[in-house]
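Have a look at the structure below, then the notes.
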Ligand code: FEO
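Residue numbers (the UniProt record's numbering): 1 to 411.
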């Protein structure tokens with residue numbers, strides 16, 4: 001149901017739309033409280049600036065809000081902080097309706113903009129950190145905030161209103177038409193859930209964005225989803241600071257953390273894991289831990305993987321493949337920053353032992369650092385000499401984790 005444009009700051013309005021019924025977003029996120037696609041409109045004495053648009057299926061409501069505030073001829077600029085379709089769906093139609101509008105996007109978004117509009121004839125300009133738009137009493141500084149959570153994502157700051165347009169950063173999938181954080185219900189679960197699923201894989205980029213934001217005094221944060229943060233915005237900034245530094249805080253000791261996950265049917269892979277663990281533990285500067293994949297929750301896997309500098313996966317082979325809990329562990333990697341982590345695999349098998357090769361191939365395709373050690377596969381029960389091999393494998397892997405130079409094929 002269309003609603004009236006809502007003022008969020010001096011001459012700045014919310015023209016976004018509500019999607020109360022959505023229950024799954026981007027396939028992987030559950031949205032018990034629905035969501036919103038936030039967009040904004042800024043009036044100035046020299047023309048109108050539109051800030052982001054909405055999902056295509058809601059564009060009628062979006063245009064209704066625009067028309068309540070201005071004529072299309074007045075629109076001088078359309079700032080697109082993020083070109084994912086939930087925010088750019090109405091852009092092709094907006095370009096048609098607003099003949100004087102110039103689209104402002106990051107350089108990384110240009111090919112996507114052309115693909116989105118299927119046109120080479122778009123009036124656009126690229127923007128990046130420190131570029132400014134000054135129009136009719138509003139001064140906007142653009143901030144490049146890549147990988148939050150696409151390569152092209154941007155934020156911007158309106159100086160006169162101390163307002164941060166943050167993009168998906170600080171967003172929540174949480175529909176509440178009362179809109180402002182001091183009016184809506186308790187959305188803290190949705191705020192953290194959004195961080196965990198969207199921002200957590202890019203924690204180092206979160207830290208860079210927070211550094212950029214530090215240059216400004218912020219009174220109001222207007223994200224692309226969920227409540228607008230006008231009461232104590234620094235509470236949300238501080239939460240991001242804490243979450244994005246969590247890994248470093250947990251380590252503290254300066255030692256490398258090596259996690260050994262295993263799944264075992266007849267304790268053979270478990271015995272291998274134990275000997276590898278003993279080998280790892282013999283290397284100074286490395287702390288090893290073991291986890292049985294048969295009894296571990298996904299959230300705990302994510303947390304353990306996140307704080308690990310390296311990890312090993314022990315898997316039996318069943319019907320020429322690794323069993324589901326092993327693949328579940330690998331699927332957790334999409335929720336964390338995995339660059340630079342060292343990884344490997346091992347396992348006992350009965351017939352053919354393909355599981356270890358499958359897992360190694362997957363680790364490589366995920367661009368993890370897979371040391372070129374001989375694949376550690378043992379038929380059925382490990383003998384004493386094979387357990388010694390496992391011990392040596394653990395020593396070697398831990399030394400590589402510790403900085404021993406080896407050539408690692410990252411392709
Ligand atoms: Fe809300 Fe990344 O789109």
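Cβ coordinates follow ideal geometry from the N, Cα and C atoms, glycine included. None of the values given here were measured: they were computed from a predicted structure.
Review point. Do you know whose CA, among 159, 52, 406, 339, lies nearest residue 204's CA?
Key: Here the question's residue 204 lines up with position 204 in the chain shown. Among 159, 52, 406, 339, the Cα nearest to that of residue 204 is on 339.
Review point. By the 10 Å Cβ neighbour count, where 16 or more other Cβ atoms means buried, how is residue 31 classified, buried or exposed?
Key: Walking along the chain shown from the start, residue 31 turns up at place 31. Per the 10 Å Cβ criterion, buried.
Practice item. Measure the Cβ-Cβ separation of residue 344 and residue 317 and say whether it is below 8 Å. Key: Taking the first residue of the chain shown as 1, we reach residue 344 at position 344. Taking the first residue of the chain shown as 1, we reach residue 317 at position 317. Not closer than 8 Å, so no.
Practice item. Return the first residue and the last residue of the alpha helix (DSSP H) that residue 203 is part of. Key: Reading the chain shown from its first residue, position 203 is the one you call residue 203. That run of the alpha helix (DSSP H) goes 203-213.
Check your understanding: Would residue 176 be called buried (16 or more neighbouring beta carbons within 10 Å of its own) or exposed?
Key -> Here the question's residue 176 lines up with position 176 in the chain shown. Result: buried.
Exercise for review: Measure from the alpha carbon of residue 384 to the alpha carbon of each residue in 274, 355, 325, then state which is nearest.
Suggested key: In the chain shown, the residue the question calls residue 384 occupies position 384. Among 274, 355, 325, the Cα nearest to that of residue 384 belongs to 274.
Review point. Going along the chain, which unbroken runs of the alpha helix (DSSP H) with 4 or more residues stay wholly within the region 129-161?
Key: none
Review point. How about residue 38 and residue 14: do their beta carbons lie closer than 8 Å?
Key: Here residue 38 is taken as the residue at index 38 of the chain shown, counted from 1. Here residue 14 is taken as the residue at index 14 of the chain shown, counted from 1. For residue 38 and residue 14, yes; Cβs fall inside 8 Å.
Practice item. Pick helix, strand or coil for residue 314, following the three-state DSSP scheme. Key: The sequence position of residue 314 within the chain shown is 314, counting from 1. Three-state result, residue 314: strand.
Review point. Is residue 150 near ligand 3, going by C-beta to nearest heavy atom under 7 Å?
Key: Annotation note on ligand 3: not contained in the displayed structure, which lists ligand 1 as its ligands.
Check your understanding: Buried or exposed: where does residue 319 fall if 16 or more other Cβ atoms within 10 Å of its Cβ makes it buried?
Key -> On the chain shown, residue 319 is found 319 positions in, with the first residue counted as 1. Per the 10 Å Cβ criterion, exposed.
Check your understanding: For chain B, is any of its Cβ atoms less than 8 Å away from the one on residue 313?
Key -> Absent from the structure: chain B. Only one protein chain is present.
Review point. Per DSSP, which one or two residues make a beta bridge with residue 124?
Key: On the chain shown, residue 124 is found 124 positions in, with the first residue counted as 1. Residue 124 pairs with 103.
Exercise for review: Have a look at residue 106 and residue 382 and give me their C-alpha separation to the nearest angstrom.
Suggested key: As a position in the chain shown, residue 106 is number 106, starting the count at 1. As a position in the chain shown, residue 382 is number 382, starting the count at 1. Rounded to whole angstroms, residue 106 to residue 382 spans 56 Å at the Cα level.
Point to revise | Per-residue DSSP class, three states only, for residue 237 | key: Taking the first residue of the chain shown as 1, we reach residue 237 at position 237. Of the three classes helix, strand and coil, the one that applies to residue 237 here is helix, per DSSP.
Check your understanding: Given a threshold of 16 other Cβ atoms within 10 Å of its Cβ, counted over all protein chains shown, does residue 60 qualify as buried or as exposed?
Key -> For this step, residue 60 is matched to residue 60 along the chain shown. Exposed.
Check your understanding: Less than 7 Å between the CB of residue 245 and some heavy atom of ligand 1, yes or no?
Key -> On the chain shown, residue 245 is found 245 positions in, with the first residue counted as 1. It does not: the Cβ of residue 245 is nowhere closer than 7 Å to a heavy atom of ligand 1.
Check your understanding: Helix, strand or coil: which one does DSSP assign to residue 18?
Key -> Along the chain shown, one-based indexing puts residue 18 at 18. Three-state result, residue 18: strand.
Review point. Sorry if obvious, but does the Cβ on residue 57 come closer than 7 Å to a heavy atom of ligand 1?
Key: Position 57 of the chain shown, counted from the start, is the residue given in the question as residue 57. Checking the Cβ of residue 57 against ligand 1 gives no.
Check your understanding: Would the beta-carbon of residue 168 be found less than 7 Å away from any heavy atom of ligand 1?
Key -> Working through the chain shown from its first residue, we reach residue 168 at position 168. Yes, Cβ of residue 168 sits closer than 7 Å to a heavy atom of ligand 1.
Point to revise | residue 334 versus residue 74 - alpha carbon distance | key: Numbered from 1 along the chain shown, position 334 holds the residue referred to as residue 334. Numbered from 1 along the chain shown, position 74 holds the residue referred to as residue 74. Their backbone Cα atoms lie some 43 Å apart in a straight line.
Check your understanding: Quick one: does the C-beta of residue 229 sit closer than 7 Å to a heavy atom of ligand 1?
Key -> The residue labelled residue 229 in the question sits at position 229 within the chain shown. No; taking the cut-off as 7 Å, the Cβ of residue 229 has no heavy atom of ligand 1 nearer than that.
Check your understanding: Would you say the beta carbon of residue 82 comes nearer than 7 Å to a heavy atom of ligand 1?
Key -> Counting from 1 along the chain shown, the entry for residue 82 is found at position 82. The answer is yes for residue 82.
Point to revise | Which of helix, strand or coil DSSP assigns to residue 249 | key: The residue given as residue 249 occupies position 249 in the chain shown. Low local confidence applies: a pLDDT of 44 at residue 249 is under 50, so the model's placement there is unreliable, and no value is given.
Practice item. Using 10 angstroms around the beta-carbon of residue 288, count the other beta-carbons present and answer buried if the total reaches 16, otherwise exposed. Key: Indexing the chain shown from 1 puts residue 288 at position 288. Buried.
Review point. Leaving out five residues before and five after residue 6 in sequence, what residues of the same chain have Cβ atoms less than 8 Å from its Cβ?
Key: Reading the chain shown from its first residue, position 6 is the one you call residue 6. The residues are 13, 14, 179.
Check your understanding: Given residue 473, which residues of its chain have a CB within under 8 Å of its CB, disregarding the five upstream and five downstream residues?
Key -> Absent from the structure is residue 473, since the part of the chain shown begins at 1 and ends at 411.
Point to revise | Helix, strand or coil at residue 47 [DSSP, three-state] | key: Counted from its first residue, the chain shown places residue 47 at position 47. Strand.
Exercise for review: Ignoring anything shorter than 4 residues or poking outside the region 295-371, list the alpha helix (DSSP H) runs there in chain order.
Suggested key: 298-307, 324-331, 354-365
Check your understanding: Measuring CB to CB, does residue 81 end up less than 8 Å from residue 156?
Key -> Numbered from 1 along the chain shown, position 81 holds the residue referred to as residue 81. Numbered from 1 along the chain shown, position 156 holds the residue referred to as residue 156. The answer is yes: Cβ separation under 8 Å.
Practice item. Verify whether the separation of the beta carbon atoms of residue 312 and residue 398 is less than 8 Å. Key: Within the chain shown, residue 312 is the residue found at index 312, counting from 1. Within the chain shown, residue 398 is the residue found at index 398, counting from 1. For residue 312 and residue 398, no; Cβs fall outside 8 Å.
Exercise for review: Can you tell me which of the three DSSP states residue 395 falls into?
Suggested key: Counting from one through the chain shown, the residue named residue 395 turns up at place 395. If DSSP states are grouped into helix, strand and coil, residue 395 belongs with the helices.
Review point. How would you write the range of the alpha helix (DSSP H) that residue 165 sits in, first residue to last?
Key: Sequence index remark: in the chain shown, residue 165 carries index 165 (1-based). No alpha helix (DSSP H) contains residue 165, which is instead part of the beta strand (DSSP E) from 163-167.
Check your understanding: Anyone know if the C-beta pair for residue 84 and residue 150 falls short of 8 Å?
Key -> Counting from one through the chain shown, the residue named residue 84 turns up at place 84. Counting from one through the chain shown, the residue named residue 150 turns up at place 150. Going by C-beta atoms, residue 84 is nearer than 8 Å to residue 150.
Review point. Between residue 53 and the rest of its own chain, which residues show a CB-CB distance below 7 Å, the 5 nearest in sequence each way excluded?
Key: Within the chain shown, residue 53 is the residue found at index 53, counting from 1. Only 39, 62, 87, 88, 89, 90, 91, 94 meet the Cβ criterion.
Exercise for review: List the endpoints of the continuous beta strand (DSSP E) containing residue 114.
Suggested key: Here residue 114 corresponds to residue number 114 of the chain shown, with the count starting at 1. It is not in any beta strand (DSSP E) - residue 114 instead sits in the alpha helix (DSSP H) that spans 110-117.
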